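In what follows, a single structure is set out as structure tokens and then discussed.
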Amino acid sequence: MKQVPEQLNRPFNAEEVESSLYEMWEKSGYFNPDNLPGNRKESYSVTLPPPNVTGTLHTGHAIMLAIQDTLVRYKRMSGYKTLWLPGTDHAAIATQSVVEKKIYKEEGKSRHDLGREEMLNRINEFAAESQKTILSQSKTMGASLDWSRLAFTLDEKRNLAVRTMFKKMYDDGLIYRGHRIVNWDPKGQTTISDDETVAEERKGKMYTFKYSKDFPIAISSTRPETKVGDVAVAVHPDDERYKKYVGKEYNIAFAGCPITIRVIADTAVEKDFGTGALGVTPAHSQIDWDIKERHNLPVKQVINEYAKMYGLANEELNGKKVTEAREYIVNWMHENNLIISEEDVVQNIPTAERTGGVIEPLPKLQWWIAVNKPFKHFGVETTLKNLMRKAVENKDTTIIPDHFEKTYYHWIENLHDWCISRQIWYGHRIPVYYKGDEIHCEINPPEEDGWVQDEDTLDTWFSSSMWTFSTLGWPEETKDMKTFHPTSFLDTGPDILFFWVARMILASMYVFNEAPFKYVYLHGMVRDAQGRKMSKSLNNALDPRELSTKYGTDALRMSLLVANGPGNDLKLGEDKVKAYKLFANKIWNATRFVLEKTADFEEDTVLNDEDQAVYDAWRDKQKDITSDLDNHRLHIASEKVYDYFWKVFCDEIIETRKTRILENRDKESAQALLLILLREQMIVIHPFMPFITEEVWKYIKKDEDNMLIVTHW
RNA sequence: GGGUGAUUAGCUCAGUUGGUAGAGCAGCGCUUUUACACAGCGAAGGUCACAGGUUCGAAUCCUGUAUCGCCCACCA
């Protein structure tokens, strides 16, 4: 007679066992693919989307940890050489601005008060602390990450990778320095890429007016203050109304500033919009800058980096903020009877994602990646844009759900050159050196005296674009590179499809002519029970750590997996988490009962026909679940394990067999069935609910069995 | 303006290739029967947004409409 273990007579206490189980796994070394038992030929690799070092674990992290850990555990149990590689992201602008704010609040000092070196020390200190927090919190989710390979986007090795990549692209002519219109963030005092801007709806006024009484053509603008920087008026070449003016030049005093306006014809102008004439401000509008290029017009910058007017003949205007200047100029036009009409309009104003500052388009000398420039790539002429498209078209990588492929293509079509230089201090310094007029791009600083390194740093997404291979040791030809790249799977939120996924595809295609991962799985964003975005300001964010303490990590993981199909947002209420705590309890109680009823059982019993049929049905269910997992249908697989265990195993199978055991009718077969089903279900449930299953496994495994985490699926 | 997704039980959502609609929560009735009341059994609840079409058969495929959501956009 076997004894039912004492622990099982108490209710399941998740908090009590979780940390010691995690410790047991960590000590076993099985998170590291090099230590896995058996002869594993095929590899399965996943890189963790590196969390920013700014924050603490939130539900977004929890969902990605749950999805990835489930798949990784499944593959590890299925005999793959399985690597899940952790790391963190320095998140340049985000981190610097958090630390800047903190220092300003606590000490009243700006970054310029501290100086570059001291500021960087402070940010590094903060980042190191923050990294520790987020990593230890990831462990509480049960994440079976290989901590021995931990990486950071800004550490030594990744730094080398970044410089190597920059140099390679520079030498291929794909990275260039260009004077163009940039998205300038006056608040963050840096340029940002197109993707880092967020359109914000604002009410504005569109003014239709003339520069002066004598000027023959009326134009429209929502930003009259920029008109002191106008150099031309563009009309459509076919527009009969204005043909006679094309080619003429007018000298005008506009708001006390002399401007020279040439009338030009350009097909970019729409005849039917507004007056059909466009005031051209090359320095402060991208479209106008393009017109300038075609017509060889001068550039007259009238707004500076602080979004203030400058360099104007009218001293009253200089130093005014753009909004004040707008008011001033509108008044001036009213006084001079130049305004023909005013119309209320709703406009989308670009703002900076991180600081909220209103973007000021300014001409600046910056570093760019040319996405449309043809170059020789593995013997074939192509462009970066083509490579990005090709990877998905050729199914080198598959996006789940597939409708995001359309979104991806659409984004590629509209992609402009990528501005990669930033005027902040925290990040990878651009590996370019200057000496007089000489420019020199090198992986390591020139030894010769007199070279000065570029002051700017790189867009944080430049380093994260290389994440799948910089983490494996590239540019060195490491064993890990050969074994684990390209990776098998990437899971992330759809909000960074462009920021990150697209750019990883770019980087990997460029270097290896291979997509960085076979599958991209885009999970939904977690929302609150009312469907609102979780945010600090609404104070509606559920804290995964609290939920996990209250209901158990297994319950939290299940609630994030079940019925959460890819690409759909997940509304998460506490009730759902609670429901899976009850499930954990059910597993616990069923285990106790089965052990009680089989205490006198001897192994090696043959199942009778009835029990064999039940077992066969389970095998089918098992195959079903396996196929769901292979096809990344975690939301279905998780529901099936739940449903089978509770509705089939507990409510039907146990209920009927317990009578048989009691009445001693084919008792041995019934006992055998219960034990086998319990054991096999623990294996199948383990990827979803690793803690309780591993704990239960201790009591039901056979002597020769290993830990559940490496038990064969 | 362009693109894209959603609309299924009171609420939150599943539904893999078209074959008599499912779960959790809430709610109703019964049961404290020796795994579990953090439970069991049972009942109730849906013209699967609307209108057409394809099909022997449609929540599922096609067309259109409506509402909501998301993404993209340099109409001055």
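Last residue of the first sequence: number 718 in our numbering, and the count goes up by one each step with no gaps. Here a beta-carbon is modelled for each residue, glycine too, at the ideal position from N, C-alpha and C. Small disclaimer: the values here were computed from a predicted structure and weren't measured.
Given residue i as reference, the closest of the options once Cα atoms are compared
i	options	result
Asp633	Ile658, Ala604, Leu566	Leu566
Asn573	Lys162, Arg532, Asn377, Arg624	Arg532
Gln136	Glu122, Thr196, Leu90, Pro56	Pro56
Thr497	Met509, Pro491, His490	Met509
Asn164	Glu608, Thr476, Ile658, Pro91	Thr476
Glu626	Ile690, Pro221, Trp423	Looking at the sequence shown, residue 626 is not Glu but Lys. Comparing Cα-Cα distances from Lys626 to each of Ile690, Pro221, Trp423, the minimum goes to Ile690.
Asn341	Cys424, Lys215, Val350, Asp648	Lys215
Ile344	Lys581, Phe259, Ile404, Leu179	Phe259
Gly261	Phe278, Val233, Thr286	Val233
Met486	Leu13, Leu495, Pro521	Pro521
Pro10	Lys703, Ser564, Thr52	Lys703
Asn613	Glu443, Val240, Phe17, Ala677	Ala677
Thr272	Phe278, Pro242, Gln291, Arg246	Pro242
Asn14	Val599, Val653, Pro695	Val599
Gly324	Glu310, Trp337, Val335	Glu310
Ser217	Lys440, His339, Trp152, Lys248	His339
In DSSP terms, what residue i is bridged to
i	result
Ile108	Bridge partners of Ile108: none, in fact.
Asp199	Bridge partners of Asp199: none, in fact.
Cys262	Phe259
Gln291	Its beta-bridge partners do not exist; DSSP assigns none.
Arg207	Gln352
Ile690	In the DSSP output, where bridge partners are listed per residue, Ile690 has none listed.
Phe380	Thr387
Ser5	Because the chain is modelled from 6 through 718, residue 5 falls outside the range shown and cannot be assessed.
Gly284	Val238
Asp496	Tyr526
Arg550	Arg550 pairs with nothing; no bridge assigned.
Ala270	Val240
Thr52	Leu90
Gly183	Gln371
Asn57	Asp94
DSSP state of residue i mapped onto helix, strand, coil
i	result
His490	coil
Trp189	strand
Leu634	helix
Phe17	coil
Trp479	coil
Asn40	helix
Arg684	helix
Gly234	helix
Tyr247	coil
Tyr85	coil
Leu76	helix
Glu254	strand
Contact under 9 Å by Cβ, residue i with residue j
i	j	result
Leu150	Trp89	yes
Ala589	Ala560	yes
Ala166	Thr465	no
Ile714	Glu699	yes
Met712	Tyr35	yes
Ile308	Ala282	no
Thr75	Ser643	yes
Lys80	Ser493	yes
Asp461	Arg434	yes
Ala675	Asp629	no
Leu679	Thr610	no
Leu495	Pro54	yes
Trp456	Tyr438	yes
Thr61	Gln428	no
Lys381	Leu179	no
Asp200	Phe504	yes
Gln352	Glu452	no
Ile257	Val236	no
Asp349	Lys210	yes
Asp177	Cys446	no
Val376	Trp423	yes
beta-carbon residue i near the ligand ATP non-hydrogen atom, thresh 8 Å
i	result
Phe489	With respect to the ligand ATP, the structure offers nothing, as it holds no ligand at all.
(message) In chain order, what are the residue ranges of uninterrupted beta strand (DSSP E) at least 3 long that sit wholly in the region 382–461?
(response) Counting only runs of 3 or more, we get 385–387, 403–405, 437–440, 443–446.
(message) Which complete alpha helix (DSSP H) runs does the region 578–643 hold, if anything under 4 residues is left out?
(response) Counting only runs of 4 or more residues that sit fully inside the region 578–643, the alpha helix (DSSP H) segments are 579–602, 614–635, in chain order.
(request) Would you list, in sequence order, the uninterrupted alpha helix (DSSP H) runs of no fewer than 4 residues that lie entirely inside the region 302–377? (result) 327–340
(request) Please specify which runs of the alpha helix (DSSP H), each continuous and at least 4 residues long, are wholly inside the region 89–175, giving them in chain order. (result) 97–112, 116–119, 121–145
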